[in-house]
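Engineer:
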Ligand SMILES: Cc1cc2nc3c(=O)[nH]c(=O)nc-3n(C[C@H](O)[C@H](O)[C@H](O)COP(=O)(O)OP(=O)(O)OC[C@H]3O[C@@H](n4cnc5c(N)ncnc54)[C@H](O)[C@@H]3O)c2cc1C
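Residue numbers (our numbering): 17 to 403.
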């Protein structure tokens, strides 16, 4: 996006990427439906950036969700609003959009150099690149670093830039997993039986967080939409308390009283599993969770069983590693940057995208803030060149 803004003024832009092709994470984001932005009100939208709302809001005011949709339309691709308010390109995929975008950039005389790994600065302040043809030093008039976070490193963003920026005196908040899964100490029996099973239509409560949705049981623990949405709070609690206990309501449409009344019906010769299924519809992985966490004798106590169906505590003991996360928290601190996202101690060097110190849930907020920061960095470069 920075390249687009700068080249639109006729300034020559070169883009360097370590990978054999560009936009690999963008393409990956399109695999399960490219959620480019969200259609909710601007006030709601900016609130999704939590602690960094004050820093992200000015960027979104210049290039926000509406401008992003217009930009996609400008590349010849229509968008639509899904039932949840999320915005997708028609066709849901990233590849047609990336193709149209790269053509537009190439037509604007942006040149792409692949297999170019940036390795920091040389002693003379030139940019140092490792290429298949050996090291290369470059002295551009301005530089935009948009190196991504530290997750899914096989797609290119490996977070190695942290050390070079730190050496150059930039303040970096350590990279942490965001929109990530968590480890749970499942018993081997539960893990074996339920790995990969979705847990649908449950309400997850954690502190002030309360939301209905679904997630997936994995060998190591839990992952998926509902967990990702709460993941920043859960991650921070684990880092201070050593664990985070979430509470699950596995029958959100039923009251405690309704459950107790149904479960009080005589069980007769039915097994507990069949009684749970027949009376209150709890079966499969939900029943498995009760067996995993409740002592056997509690299954005979209607009040306790009903209570735990609606308030099942699950202890999450560690976030999954950064490389597995959807996105990265931490990064270049806004205190190190001016309002144009230029590094204060390195005039002419700008930063954009996920490498900045912000995080947001899934819902199109990640890409939108990446585009918005690229736009600001691009206009910042033009101002810098003018000056
Ligand atoms: C599975 C998955 C699904 C996602 N789905 C969505 C979604 O639907 N909606 C949404 O909003 N967000 C989604 N995201 C997040 C979104 O894709 C990222 O936030 C976004 O791509 C970050 O953009 P970026 O340009 O900052 O970094 P990246 O897209 O990571 O790009 C960074 C680029 O820098 C290059 N690079 C890194 N280091 C160097 C170096 N030293 N030298 C040269 N080049 C280097 C990399 O090769 C890469 O091309 C998803 C992420 C994942 C993993």
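Every residue, glycine too, gets a C-beta built ideally from N, C-alpha and C.
1. Give me the Cβ distance between residue 104 and residue 51, rounded to the nearest whole Å; I'm assuming they're in contact under 8 angstroms.
2. State the Cα-Cα distance for the pair residue 19 and residue 129, rounded to the nearest angstrom.
3. Pick out whichever of 395, 269, 337, 198 has its Cα sitting closest to the Cα of residue 21.
4. Starting from residue 294, trace the alpha helix (DSSP H) both ways and give me its first and last residue.
5. Cβ of residue 188 versus every heavy atom of ligand 1: is any distance shorter than 7 angstroms?
6. If you follow the beta strand (DSSP E) that residue 229 is part of, which residue opens it and which one closes it?
7. Report the three-state DSSP secondary structure of residue 103 (helix, strand or coil).
8. Excluding sequence positions up to five away, which residues of its chain have a Cβ less than 6 angstroms from the Cβ of residue 365?
9. What is the residue span of the alpha helix (DSSP H) that residue 251 lies within?
10. In the structure shown, what three-state DSSP assignment does residue 122 receive?
11. So the alpha helix (DSSP H) residue 22 belongs to, where does it begin and stop?
12. Name the residue from 294, 332, 377 whose alpha carbon lies nearest to the alpha carbon of residue 257.
13. Quick check: residue 392 and residue 75, are their CB atoms within less than 8 angstroms of each other?
14. Leaving out the 5 sequence neighbours to the left and right, which residues in its chain are closer than 6 angstroms to residue 46 when beta-carbon positions are compared?
15. Return the bridge partner residues of residue 30 from the DSSP annotation.
16. Please work out which residues of its chain come closer than 6 angstroms, Cβ to Cβ, to residue 166, disregarding the five sequence neighbours upstream and downstream, and give them in chain order.
17. How about residue 381: is its Cβ closer than 7 angstroms to a heavy atom in ligand 1?
18. Based on the DSSP output, what are the partners of residue 54 in its beta bridges?
19. Going by beta carbon distance, what residues of the same chain come within less than 8 angstroms of residue 223, once the five residues before and after it are set aside?
20. Output the distance between the C-alpha atoms of residue 37 and residue 403, rounded to the nearest integer angstrom.
21. Fully enclosed by the stretch 296-344, which alpha helix (DSSP H) runs are 4 residues long or longer?
22. On the DSSP letters alone, give me the boundaries of the beta strand (DSSP E) that residue 265 sits inside.
23. Going by DSSP in three states, residue 153 sits in which element: helix, strand or coil?
24. Going by DSSP, what residues sit across from residue 145 in a beta bridge?
25. Using the Cα positions of residue 41 and residue 341, report the straight-line distance between them to the nearest angstrom.
26. Would you identify the three-state DSSP class for residue 386, choosing helix, strand or coil?
27. So what does DSSP say about residue 192, is it helix, strand or coil?
28. Given residue 195, which residues of its chain have a CB within under 7 angstroms of its CB, disregarding the five upstream and five downstream residues?
29. Name, in chain order, the residues that DSSP records as bridge partners for residue 199.
30. Are the CB atoms of residue 177 and residue 161 nearer to each other than 8 angstroms?
31. For ligand 1, is there a heavy atom less than 7 angstroms away from the beta-carbon of residue 243?
32. Can you find the residues in the same chain that come closer than 8 angstroms, C-beta to C-beta, to residue 234, ignoring five residues on each side of it along the sequence?
33. Pick helix, strand or coil for residue 72, following the three-state DSSP scheme.
34. Rounding to the nearest angstrom, what Cα-Cα distance links residue 136 and residue 62 in this structure?
35. State yes or no: is the C-beta of residue 322 within less than 8 angstroms of the C-beta of residue 276?
36. Would residue 302 be called buried (16 or more neighbouring beta carbons within 10 Å of its own) or exposed?
Structural biologist: Walking through what the data contain:
1. To locate residue 104, count along the chain shown from 1; it is residue 88. To locate residue 51, count along the chain shown from 1; it is residue 35. Between residue 51 and residue 104 the Cβ distance is about 6 angstroms, and since that is below 8 angstroms, they are a contact.
2. Start at 1 with the first residue of the chain shown, and residue 19 comes out as number 3. Start at 1 with the first residue of the chain shown, and residue 129 comes out as number 113. Computed Cα separation, rounded: 13 angstroms.
3. Here the question's residue 21 lines up with position 5 in the chain shown. Closest by alpha carbon: 395.
4. Within the chain shown, the letter at position 278 stands for residue 294. First-last of the alpha helix (DSSP H) with residue 294: 288-296.
5. Locating residue 188 in the chain shown gives position 172, where the first residue counts as 1. Not under cutoff, so the answer is no.
6. Reading the chain shown from its first residue, position 213 is the one you call residue 229. Start and end: 225-233.
7. Here the question's residue 103 lines up with position 87 in the chain shown. Strand, per DSSP.
8. Here residue 365 corresponds to residue number 349 of the chain shown, with the count starting at 1. The answer, listed in chain order, is 159, 359.
9. Start at 1 with the first residue of the chain shown, and residue 251 comes out as number 235. Taken as a continuous stretch (DSSP letters only), the alpha helix (DSSP H) holding residue 251 covers 241-257.
10. Taking the first residue of the chain shown as 1, we reach residue 122 at position 106. Residue 122: helix per DSSP, three-state reduction.
11. Counting from one through the chain shown, the residue named residue 22 turns up at place 6. 18-23 is the extent of the alpha helix (DSSP H) around residue 22.
12. Counted from its first residue, the chain shown places residue 257 at position 241. For residue 257, the nearest C-alpha among the options comes from 332.
13. As a first step, residue 392 is located in the chain shown; it is residue number 376 there, counting from the start. As a first step, residue 75 is located in the chain shown; it is residue number 59 there, counting from the start. Closer than 8 angstroms, so yes.
14. Within the chain shown, numbered from 1, the residue matching residue 46 stands at position 30. Correct list, in chain order: 109, 110.
15. Here residue 30 refers to the residue found at position 14 of the chain shown. Looking at the DSSP assignment, residue 30 forms a beta bridge with 127.
16. In the chain shown, counting from the first residue as 1, residue 166 sits at position 150. Contacts found: 175, 191, 338, 344.
17. Mapped onto the chain shown, residue 381 falls at position 365. Yes, the beta carbon of residue 381 sits closer than 7 angstroms to at least one heavy atom of ligand 1.
18. In the chain shown, counting from the first residue as 1, residue 54 sits at position 38. Note: residue 54 sits in a beta bridge opposite 102.
19. As a first step, residue 223 is located in the chain shown; it is residue number 207 there, counting from the start. 249, 253.
20. Taking the first residue of the chain shown as 1, we reach residue 37 at position 21. Taking the first residue of the chain shown as 1, we reach residue 403 at position 387. Approximately 34 angstroms, taken between the alpha carbons.
21. Correct list: 300-309, 318-326.
22. Taking the chain shown and counting its residues from 1, the one referred to as residue 265 is at position 249. Where residue 265 is concerned, the enclosing beta strand (DSSP E) starts and stops at 260-265.
23. To locate residue 153, count along the chain shown from 1; it is residue 137. In this structure, residue 153 counts as strand in the three-state DSSP scheme.
24. By one-based count along the chain shown, residue 145 stands at place 129. In DSSP, residue 145 forms a bridge with 134, 152.
25. Here residue 41 corresponds to residue number 25 of the chain shown, with the count starting at 1. Here residue 341 corresponds to residue number 325 of the chain shown, with the count starting at 1. Those two C-alpha atoms are separated by around 12 angstroms.
26. Sequence index remark: in the chain shown, residue 386 carries index 370 (1-based). Looking at residue 386 - three-state DSSP - the assignment turns out to be helix.
27. In the chain shown, counting from the first residue as 1, residue 192 sits at position 176. Strand at residue 192.
28. Within the chain shown, numbered from 1, the residue matching residue 195 stands at position 179. 244, 247, 341, 342, 343, 377, 378, listed in sequence order.
29. For the purposes of this step, residue 199 is taken as the residue at position 183 of the chain shown. DSSP lists 237, 334 as the bridge partner or partners of residue 199.
30. Looking up residue 177 in the chain shown gives position 161. Looking up residue 161 in the chain shown gives position 145. Yes. Within cutoff.
31. Within the chain shown, the letter at position 227 stands for residue 243. No.
32. Stepping through the chain shown from its first residue, residue 234 is reached at position 218. Taking C-beta separations shorter than 8 angstroms and ignoring five residues to either side along the sequence, the partners of residue 234 in its chain run 197, 211, 212, following chain order.
33. Locating residue 72 in the chain shown gives position 56, where the first residue counts as 1. Residue 72 falls in the helix class under three-state DSSP.
34. The sequence position of residue 136 within the chain shown is 120, counting from 1. The sequence position of residue 62 within the chain shown is 46, counting from 1. The straight-line gap from Cα to Cα measures roughly 33 angstroms.
35. Reading the chain shown from its first residue, position 306 is the one you call residue 322. Reading the chain shown from its first residue, position 260 is the one you call residue 276. With respect to residue 276, residue 322 sits close: the two C-beta atoms are nearer than 8 angstroms.
36. Taking the chain shown and counting its residues from 1, one reaches residue 302 at position 286. Burial call: buried.
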